Ligand code: F6P
């Protein structure tokens, strides 16, 4: 008897809203096509070592999860390339499990690692997911729209307290070294200034920001809203903090900016950092449907045996492009889009 075909799916890197919608789409499409859908637990970690950590995905454990944040498969930031013989261990596990292919949901780091694994012979299809929206080759990543919505809601809330207290309110958002979340949320909120990693804040730019706040105040507007992306460089420094003695994470630029504004003006200034709140919880409808489209497309090309591809949104259409397209660093925020938000500063 011919062995049933088997597709593996894993989520790696930071979690984001919409992952479960994609897992569901892949698994249900796979099952309907006569495949076994094998979920790998904790990303690449589940394929390292002698014994794989997996779960058989079925119609029951993939039901009722489309609106759930996080990932039912769990995730980790482990890369096979960080471990001695890691890539070979992954290849061995995929063989041992009898997988015809592997669908990997990841951000920039995971997808570049997937590309290397593909080049080592692993049949891989990548699906872009990250709130940072910084993966090359696609216009949108799963999770981004939800993060923008959460950040926009936070900014709207900050505006009412800023107005009541006549304050300058700063919100620090995530995005790593890209300003996508800051730009889109800032634009949606009508923020008075947006700072992003793509635009280095030197003394001249800080001067412009202070002038803007002052001019706004002179016009009789007693409050201002500022969005700052965590990876923004101010006065030559990228702000970070240490989490466990060896890992440093971006964060702290909002506080620093508040200090600068307080030193150079009389404005009552406060900051908030949105942090992991923008990465957790229920995905917005857009992320659920993008994840569903991406999952279905990934399974469609897996059935054709078309590997080494990235599922992407291009000109508003779901396509598959060479996985190779993720290479070359992150996709910076579009300055054209930033320039539109900028028209409403002050
Ligand atoms: O890549 C997603 C992201 O949330 C970034 O925006 C942020 O800088 C980073 O992950 C935080 O990483 P960790 O989950 O490892 O703390």
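Numbering (the working numbering), first residue to last: 20 to 365.
Glycine included, C-beta positions come from ideal geometry on N, C-alpha and C.
Predicted, not measured: the structure shown is a model, and the values here were computed from it.
Residue 194 beta carbon less than 7 angstroms from that of residue 277: no
With 16 other CB atoms within 10 Å as the buried threshold, where does residue 334 fall? exposed
First and last residue of the uninterrupted alpha helix (DSSP H) at residue 42: Here the alpha helix (DSSP H) through residue 42 covers 38-51.
Which full runs of the beta strand (DSSP E) of 3+ residues lie inside the region 57-108, going along the chain? 73-76
How big is the Cα-Cα spacing for residue 184 and residue 137? 56 angstroms
Report the rounded CA-to-CA distance for residue 160 versus residue 30, giving the unit in angstroms. 14 angstroms
Assigned exposure category for residue 26 - 16 Cβ within 10 Å defines buried: buried
I want to check one thing, is the minimum distance from the CB of residue 206 to the heavy atoms of ligand 1 below 6 angstroms? no
Quick check: the Cα distance between residue 151 and residue 163, rounded to an integer number of angstroms? Looking at the two C-alpha atoms, the distance is approximately 6 angstroms.
Check whether the region 350-360 and the region 210-223 are in contact - that is, three or more C-beta pairs closer than 8 angstroms. yes
Might you give, ordered along the chain, the residues of its own chain that have their beta carbon closer than 8 angstroms to the beta carbon of residue 349, omitting 5 neighbours on each side? 127, 151, 153, 154, 155, 195, 196, 197
Bridge partners for residue 125 per DSSP, in chain order? 147
Tell me whether residue 130, by its Cβ, gets closer than 6 angstroms to a heavy atom of ligand 1. Because no heavy atom of ligand 1 lies under 6 angstroms away, the Cβ of residue 130 does not count as near it: no.
Nearest-angstrom Cα distance between residue 261 and residue 117? 41 angstroms
Taking the alpha-carbon positions, what's the residue 170 to residue 131 distance? 28 angstroms
Give me the Cα-Cα distance between residue 271 and residue 259, rounded to the nearest whole angstrom. A straight-line Cα-Cα distance of about 6 angstroms links residue 271 and residue 259.
Look at the alpha carbon of residue 253 and the alpha carbon of residue 64, and state the distance between them as a whole number of angstroms. Roughly 37 angstroms between the two C-alpha positions.
Hey, is residue 149 close to ligand 1, as in C-beta under 6 angstroms from one of its heavy atoms? Residue 149: yes, Cβ under 6 angstroms from ligand 1.
Measuring alpha carbon to alpha carbon, tell me which residue in 189, 339, 89 is nearest residue 296. 89
Looking at C-alpha atoms only, which residue of 304, 124, 250 is the closest neighbour of residue 292? 250
May I have the straight-line CA-CA distance separating residue 167 from residue 273, to the nearest angstrom? 18 angstroms
When the distance is taken between beta carbons, is residue 40 closer than 7 angstroms to residue 318? Residue 40 is positioned such that its CB atom lies no closer than 7 angstroms to that of residue 318.
Taking 6 angstroms as the cut-off, does the CB of residue 350 come closer than this to any heavy atom belonging to ligand 1? Because no heavy atom of ligand 1 lies under 6 angstroms away, the Cβ of residue 350 does not count as near it: no.
Candidates 102, 202, 289: closest to residue 182 by CA position: 289
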